Each structure stands twice: as C-alpha cells, then as structure tokens.
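Under full-length UniProt numbering, the residues of the sequence shown are numbered 1 to 374, in order. Beta carbons are placed, not taken as given, at the ideal position from N, Cα and C, and that holds for glycine. Predicted model, so just to flag it, every value in this text is computed and none were measured. What follows is a short report on a single structure.
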Amino acid sequence: MPPAVSERPTRITVDLDNLSHNLRAIRAHVGVPVMGIVKANAYGHGLVPVALHLQAQGVEQLGVAFVEEGIALRRAGITAPVLVLGGIFGPQVAQFIAHDLEITVSSLDKLRQVEAAAEAMGRKAVIHLKIDTGMERIGVHSYSSKSFVEAAVASKWCVLKGIYSHLACSDDPSSDMTGKQVERFHDACAHIERLGAPMPLRHLANSGGVLHFPQTWLDMVRPGIVLYGVLPDPASQCTIDVKPAMSLRSQVVYFKVVKAGNPVSYGATWRSDHDTRVVTVPIGYGDGFPRSLSSRGSVLIRGHRYPIVGRVCMDQFMVDIGGDSAFNEDDVVLIGEQGGDAIRAEDVATLAGTIPYEILVGLNDRIPREYRGG
Ligand SMILES: *Cc1c(COP(=O)(O)O)cnc(C)c1O
Numbered sequence: 001m002p003p004a005v006s007e008r009p010t011r012i013t014v015d016l017d018n019l020s021h022n023l024r025a026i027r028a029h030v031g032v033p034v035m036g037i038v039k040a041n042a043y044g045h046g047l048v049p050v051a052l053h054l055q056a057q058g059v060e061q062l063g064v065a066f067v068e069e070g071i072a073l074r075r076a077g078i079t080a081p082v083l084v085l086g087g088i089f090g091p092q093v094a095q096f097i098a099h100d101l102e103i104t105v106s107s108l109d110k111l112r113q114v115e116a117a118a119e120a121m122g123r124k125a126v127i128h129l130k131i132d133t134g135m136e137r138i139g140v141h142s143y144s145s146k147s148f149v150e151a152a153v154a155s156k157w158c159v160l161k162g163i164y165s166h167l168a169c170s171d172d173p174s175s176d177m178t179g180k181q182v183e184r185f186h187d188a189c190a191h192i193e194r195l196g197a198p199m200p201l202r203h204l205a206n207s208g209g210v211l212h213f214p215q216t217w218l219d220m221v222r223p224g225i226v227l228y229g230v231l232p233d234p235a236s237q238c239t240i241d242v243k244p245a246m247s248l249r250s251q252v253v254y255f256k257v258v259k260a261g262n263p264v265s266y267g268a269t270w271r272s273d274h275d276t277r278v279v280t281v282p283i284g285y286g287d288g289f290p291r292s293l294s295s296r297g298s299v300l301i302r303g304h305r306y307p308i309v310g311r312v313c314m315d316q317f318m319v320d321i322g323g324d325s326a327f328n329e330d331d332v333v334l335i336g337e338q339g340g341d342a343i344r345a346e347d348v349a350t351l352a353g354t355i356p357y358e359i360l361v362g363l364n365d366r367i368p369r370e371y372r373g374g
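Here you go:
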C-alpha cells in the first residue's frame, strides 16, 4: 500500500473535535441558536469539510458571504439553512432561490428585485432584512427603516425569516459603539412590533458580540473567528474556553552552516556575526504565509522556538537554529503546538502587523488540508 501522505509535507491540520468543542462552548455561553460563519473557505479551514462537520454537530444555520459559496455548499449536499450575508446583485437572485439560499435584503430596491424574481419563478424567497446601525457598509439606516420594514412585512413573495445588523466595534469590550448599535437595532425591530406582525429572528452578534456583549445575543448569534478558536483582536477578552482548530506545519527541507557575515535571502537584509546553522522551510508568501514575517516571525522545531531570518520568499524561508541540530524532514510548526510551546494565529498576526482573520483566510489552496477527529 502506498504511504498515506498528502501531496506536500507542508499542511494545514484541522482538528474537528476542537471545532465541536468550540461550538458547544459558544452555545453554552449564549444559550441561543448559532449561525456558523463559513465564508472565505471557512476562514481558511476548508468550506465544505467544516460545513459538513458543523451540520453534523447540529448547527442551526450557516452563513457565507457570496452566493457562489452558498451554491458550493448545496452542491456538496449541505441541507442546513444557509444565509448569504453579502449584498446582492439583481441578476443573481434567481440563483439564490433555485439553490434554496436565504437572501440578505439591504434596500427597498433590492426587496423589489427579490420579489420580482420570486414571482417569476413562482417560488417564495426567504429573506433577512439588513439594518445599518453604524457600520455604514450595507443595509438600510435604522433611522429610515420604517417604510423598508413595512414593505418587507407586506411582501407576498418574500418570507421574512430574519432581521439583522452588524457590529463595528465589538472586538473591544470597552467601546461604547456596541450599546448604541443595540439601541438602534431595537428601534428598527420596533417597527415590526407596531405592525403587529410576527417578529422574525433578530441577530446581531459576531464573535466580539458573543465574547463581550450579552445584550447582542438576541435570537441567534453569528460567530466566525471564535468558532475556529481564535480571538478577533488583541483587545478581546477570552470569556469562552475555545481551542484553535487549525495548525500549520511544514518540514525542514535543507540544512547548512552560514558563515559569519554572509547575508541570507533576497535583499541581503540579515546576517549573523558568527557562523550559524540555518535551515530552509518550504512554504512562503505564495501559500499566504506573510512576507511581513521576514526576520520577525518564529517557528518551532524539535520543541524549540527559532527566528525566521531574512526575507520570506514565495515558496521558502530560512530559520536560524544557532548551534542546535535539526535534520531534513524534522517537523516545523508555524501555527500550533510542539514540545509544550505554542504559536497562535493571534501571535503571527501581531508580528505581521495585521489581524488573525487575514492570516487564517490568507492561507490558500496550495496548502493541503487534513482533518482529524470528528
Ligand atoms: C463575517 C461576518 C460575521 C462573523 O464575524 P466574526 O468576527 O468572524 O465572528 C458575522 N456577521 C457578518 C454579517 C459577517 O460578515
């Protein structure tokens, strides 16, 4: 039998048991249904395998950004309700309806487009109204939402399943923006109450809301990053015991001694003042491993932490192991645990001058994914 190895020794391992643990922990924390957000390739963890796993764990709903992501879920046999969070284009509405995808309706015009498409197909569209409470991205401003909400309630061809908004500052527990957004959201929902219509699902909380603001939990929460066991921001508080689902590993592909004063990598930006041992790791910015980690990041090899030296190349980078030993095919941990030490996506993001979201979703399809547990 051929050995069961992936195409590359560089790989992302997704721990599905940690994902289940995180879903359970979030549920226990908020006590309301969960819409698991799986946009952007499930934050780099793999859209279809993650969605199938969350569905098997009984997640109430899934959320994606674009209709194409929703269609990919349906083609993979996902039957859970799927809301597409992004703004819609008129010509795409028929595809939403044909694939049984729930639609974000973010203006009166778009409501009319959805109604027209639904009537033409003779099939009702399931919609969630998007209210803008301060993000200024998409949605009808809460202060002018009355006629929008009334039109949606009166719509013959739309089933009003939800009403929602998005939080701009919930990563930071000390921001007063979230309280204002909650108030504005309730103002918009009050239009529905006054009409005497049944209240649709009200949802507001992203990961920051889940972590920090109980008043945002309402009827459903929409966690993304925290579901994967990663905190949104250095200001965030770890109020839920979540575990990182992703690890990123490679292997040493080359070992050598670099002489004192000889520069390493493009631009000759790094050199050692003594002879030192340097290993090469076969992953680079062509995989989404940030070039901004040049001479900044670190990795774990044989249970020790060593610095990345010189510029990260497209497919490789170099690591200074000083006087220590390392061998070809030794495991190299870029994100994850080894020998009691751990490198978290949050740490990588800080060193790279970005947020953990960008690190996770940046890891692209050149890296094979493998799944453990579940
Ligand atoms: C991406 C997204 C989320 C999830 O955000 P996290 O910060 O990852 O929890 C929730 N709601 C909407 C509308 C989104 O676009």
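Would the beta-carbon of residue i be found less than 8 Å away from any heavy atom of ligand 1?
i    : result
G63  : yes
G208 : yes
G162 : no
I88  : no
K110 : no
I37  : yes
L300 : no
I225 : yes
Can you tell me whether residue i is buried or exposed? The criterion is at least 16 other CB atoms within 10 Å of its CB, across all chains shown.
i    : result
E115 : buried
Q251 : buried
Y306 : buried
H274 : exposed
G36  : buried
Y357 : buried
F89  : exposed
L195 : exposed
N262 : exposed
S249 : At residue 249 the sequence reads Arg, which differs from the Ser that was named. Under this definition R249 is a buried residue.
C238 : exposed
D171 : buried
M199 : exposed
P91  : exposed
A125 : buried
D132 : buried
G31  : exposed
P232 : buried
M220 : buried
R137 : exposed
Between which two residues does the alpha helix (DSSP H) holding residue i run?
i    : result
K146 : 146-154
P223 : Taken as a continuous stretch (DSSP letters only), P223 belongs to no alpha helix (DSSP H), as it is neither H nor E.
E68  : 67-75
A98  : 93-98
T350 : 345-352
D275 : Looking at the DSSP string, D275 is not in any alpha helix (DSSP H), and its letter there is neither H nor E.
R369 : From DSSP, R369 is part of no alpha helix (DSSP H) but of the beta strand (DSSP E) over 369-372.
R366 : No alpha helix (DSSP H) holds R366; DSSP gives it neither H nor E.
D109 : 108-121
E183 : 177-195
D17  : 16-30
May I ask which residues mark the beginning and end of the beta strand (DSSP E) holding residue i?
i    : result
F317 : 317-322
H128 : 125-132
H304 : 304-309
K161 : 158-164
A205 : 201-205
When the Cα of residue i is compared with those of the options, which residue comes out closest?
i           : options                : result
D17         : A76, Q92, A245, I225   : A245
R75         : G208, D100, C189       : D100
Y143        : S155, V153, K130       : K130
R222        : L204, H212, I163, T104 : L204
E346        : R27, Y254, E69, S236   : S236
residue 375 : P290, T13, H304, I163  : Any question about residue 375 goes unanswered here, given that the chain covers just 1 to 374.
G288        : L334, D341, V230, V153 : L334
V159        : L19, A197, Q338        : A197
R123        : Q95, K146, S145        : Q95
I127        : W270, I163, R344       : I163
Is residue j closer than 9 Å to residue i when the C-beta atoms are compared?
i    : j    : result
Y266 : R296 : no
V332 : M318 : no
F148 : L201 : no
A40  : E60  : no
L85  : V64  : yes
Q215 : V182 : yes
G139 : L167 : no
M121 : A98  : yes
E150 : H186 : no
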